[in-house]
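What follows is a set of notes on a single structure, which appears directly below.
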């Protein structure tokens, strides 16, 4: 119920938020991974949701897959180069609201490159969590990136350039 959203600043619930990614592998199948331990804030006023601000940092070093060998390879300079770039950051620039959905436009900085990204976002719910009783709001978002635009060109096109992102994030009210 969107009416349960309280105005204010919220912090990412890092334990219950993640970014899932999917990329095609050699044209045979897709493989998947995720990032956790996300940090950041949401400033929102339900009376003016278009004025919301999001600033989120994703620790790239937290990348995980079902294969330790693949996870280790993704951390090298072939892909995420976590020795040089520990995190990615998304900062919103505008929000276009359409009912329970919105397009959150912003800048994604990854591997030292900043590019605009649009997140197709859906409000999931709001209320107090049963465990800690904090006011919480949740969203799902999706986008597709071209990894080459951030300089991640190794193995393109046999490993797909298009990377689908699915984001599930909960924010807990501060204060």
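Residue numbers (my numbering): -3 to 171.
Built from N, CA and C at the ideal position, the CB exists for glycine as well.
Here the structure is a predicted model, which is why all the values come from computation and not from measurement.
Distance check between residue 43 and each of 161, 139, 2, 81 places 2 closest, using alpha-carbon atoms only. Ranked by Cα distance from residue 128, the first of 169, 117, 102, 155 is 169. Beta-bridge partners of residue 55 (DSSP): 83.
The segment 6 to 16 makes no contact with the segment 97 to 116: fewer than 3 CB pairs, one atom from each, lie closer than 8 Å. Here residue 48 is buried: its Cβ has 16 or more other Cβ atoms, across all protein chains shown, within 10 Å. Closest in C-alpha terms to residue 159, from the list 5, -2, 28, 0, comes 28. Taken atom to atom, the span from the alpha-carbon of residue 68 to that of residue -1 is near 44 Å.
With the rule of 3 Cβ pairs closer than 8 Å, the segment 52 to 68 counts as touching the segment 34 to 42. Here residue 76 is buried. Its C-beta has 16 or more other C-beta atoms within 10 Å. Within the same chain, and ignoring the five residues on either side of residue 125 in sequence, the residues whose Cβ sits closer than 6 Å to its Cβ are 132.
In this structure, the alpha-carbon of residue 25 lies about 20 Å from that of residue 144.
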